[in-house]
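Counting in our numbering, the sequence shown runs from 245 upward without gaps.
Each residue gets a CB set at the ideal place from its N, CA and C atoms; glycine is no exception.
Computed from a predicted model, the values in this text were never measured in an experiment.
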Amino acid sequence: MGCFSCFKPSTSEDPFEAETDIVKQVSSNDAHVQEDEQLALAIQKSQEDEEERRRIRDLEEHAQERGERQKYDNSSSLKGKMDGQTSEESVKEKEKRKQFEEELKQDEQLAVSPPPPRSKCGGCHSEIEHGGSVDVFGVPWHPECFSCGACRNPIVVHEVQNHVSNSRGKFHKNCYNRYCYVCQEKVKIREYNSHPFWKEIYCPAHETDGTPKCCSCERLEPRETDFVMLDDGRWLCLECMESAVMDTDEVQPLHFEIRDFFHGLFLPVEKEFSLLLVEKQALNKAEEEEKIDNQHGVVTRGICLSEEQIVTNVSKGPKMGENKQLTGKTTESQRVVSGCPVTAILILYGLPRLLTGSIMAHEMMHAYLRLNGHNNLNKVLEEGICQVLGHMWLETQRYAPIDVAAASSSSSSSNAAKKGVWSELEKKLVDFYKYEIETDESAVYGEGFRKVNYMVTNSSLQETLKEILPRGG
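See the structure below:
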């Protein structure tokens, strides 16, 4: 069987030699591979050695840094202790120097500045020597100045807390209940009078011996004090005098206030008419011409006119002169005409603002009724509702801002306007004038007030008016 080959054999090359060359070539390639592997291993080992040397070097450097830091810390600690001692010594030196400078400054001030003023006595207002005073609720007094107005003996320290102090003076509690506040004499047991509101004890004889009584607060004049007499014969205590409204011009701000008060109650008084302050004689004359029959035993202090009249009013009020005498009052006459059912409202001059306002509110209610055609109202109900309005206005004064009160009275006479605060007496006067209305024993004014006030208290002012006013009136 024949054998065929796809290679054509060379006729010139030895086949054995060719195979030998191939073997040599393969061996040479294997040698090169071995060399490359050995070189790679050598490079790797060199890198590992270098990494190890770097790690050792880092450890050595770290150890060296720790050693140096420890040395530095030890050195710093020692230096800190030394600095602390130096700093502490420096602070002490600064404190000593500061103390010395302060003492020097105080010495300089004492050398230049006068000594502080001494305390002044709350009674005589003169200086008090150190240690020679009685402390009365924070105010120093000379012992002889802080004495009882009845027995004249000093009120000592342990009696201060319970002593009685009012506009009349200062008293031992026991003396206040045993001595007449008018003459300072001891009153006999069960033989003395006491004012129902002011609670002041006095001898019964002072009711009839000519002792002046204030026409405003009803208190009697104590000895060694002075009331002032108005030109129409009425007496006025100096405390009520402080807020008295003295003439027609002075009363106009209060007039506007009362109109605003009525407007706020939905009782607007739209018509314009005169409001005048007059003397007692002029008021009595106007009452006669108005044909008002006053059979109710009450003192007339205001009137609402419906007839044309010539009225003499106080155009310029008096001022306090020498020896506490009122001087300088002037009057002028004018015909009151308005063309409506109300021609004018007249009120006594010289009464405190609170009393003047209460009387004005009473008379303004009469004006409101007449202007709205209610001319034949039951007398008890009419006077009752008018008293209620006066009482209501007084109640508003408990909460009235002081600037409103001051604006409604004379800047020259009002205590509120002068001081910017209510005086203790003015606070008490609000309660006193309300008390007068509430305890009035007259059949018309007193009973009328209590009856109508009960109705208002249990319903409202508007509902009460609907009930007491004639239907369609």
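Your pair F676 and C392 does not check out as a contact, with CB atoms roughly 25 Å apart and the cut at 8 Å. The beta-bridge partner set that DSSP reports for F415 consists of V408. L570 places its beta carbon less than 9 Å from that of M473. Uninterrupted beta strand (DSSP E) stretches at least 3 residues long and entirely within the segment 545–571 occur at 546–549 and 553–560, given in chain order.
The residue from R694, E685, R597 and C630 with its alpha-carbon nearest to that of M609 is C630.
DSSP places I591 in the uninterrupted beta strand (DSSP E) bounded by A588 to L592. In its chain, beyond the 5 residues on either side, P456, C458, E465, W479, L480, C481 and L482 have a beta carbon closer than 8 Å to the beta carbon of F471.
Spatial neighbours of T600 in its own chain (CB-CB distance under 7 Å, excluding positions within 5 residues in sequence) are listed in chain order as V489, V495, L498 and I591.
With respect to S370, H386 sits close: the two C-beta atoms are nearer than 9 Å. Take the alpha-carbon of Q428 and the one of N437: they are about 14 Å apart. Here W385 carries a strand assignment [DSSP, helix/strand/coil]. For secondary structure counted as the alpha helix (DSSP H) over 4 or more consecutive residues, the segment 678–713 holds these complete runs in sequence order: 689–702 and 705–712. For the pair N620 and P585, the CB atoms are not nearer than the 9 Å cut-off. Of the other Cβ atoms in all chains shown, fewer than 16 fall within 10 Å of the Cβ of I287; this residue is therefore exposed. When DSSP reads this structure, T574 sits in a beta bridge with K560. Here the alpha carbons of K710 and G594 stand approximately 36 Å from one another.
Taking every protein chain shown into account, the CB of F500 has fewer than 16 other CB atoms within 10 angstroms, so this residue is exposed. Shortest Cα-Cα distance from R463 to any of K417, I445 and E304 involves I445. DSSP places E465 in the coil class of the three-state scheme, outside both helix and strand.
Counted as a single uninterrupted DSSP element, the stretch harbouring L521 is not any alpha helix (DSSP H) but the beta strand (DSSP E) occupying residues S518 to V522. In the structure shown, the three-state DSSP call for L480 is strand.
Within the same chain, Cβ atoms closer than 7 Å to the Cβ of I681 are found at Q631, G634, H635 and F693, the five residues on either side in sequence being excluded.
Look at V489 here: in three-state DSSP terms it is strand. Linking E607 to P562 through their CA atoms gives a straight-line distance of about 25 Å.
Only exposed fits K432, as fewer than 16 other CB atoms lie within 10 angstroms of its CB. In the structure shown, the three-state DSSP call for D379 is strand. For V472, the secondary structure class from DSSP, reduced to helix, strand or coil, is strand.
Cα atoms of L527 and T587: separation of roughly 14 Å, rounded to the nearest angstrom. With a 10 Å radius around the Cβ and a threshold of 16 neighbouring Cβ atoms, I536 comes out exposed.
The three-state reading of DSSP puts V543 in coil, since its state is none of H, G, I, E or B. Taking the Cα positions, A394 is about 45 Å away from I589. Between the alpha carbons of K414 and E435 lies a distance of about 23 Å.
Judged by beta-carbon spacing, D476 lies beyond the 9 Å limit of E403, meaning their Cβ atoms are not closer than that value.
For L595, the pairing in a beta bridge is given by DSSP as V489. CA-to-CA, the gap between E551 and Y423 works out to about 52 Å.
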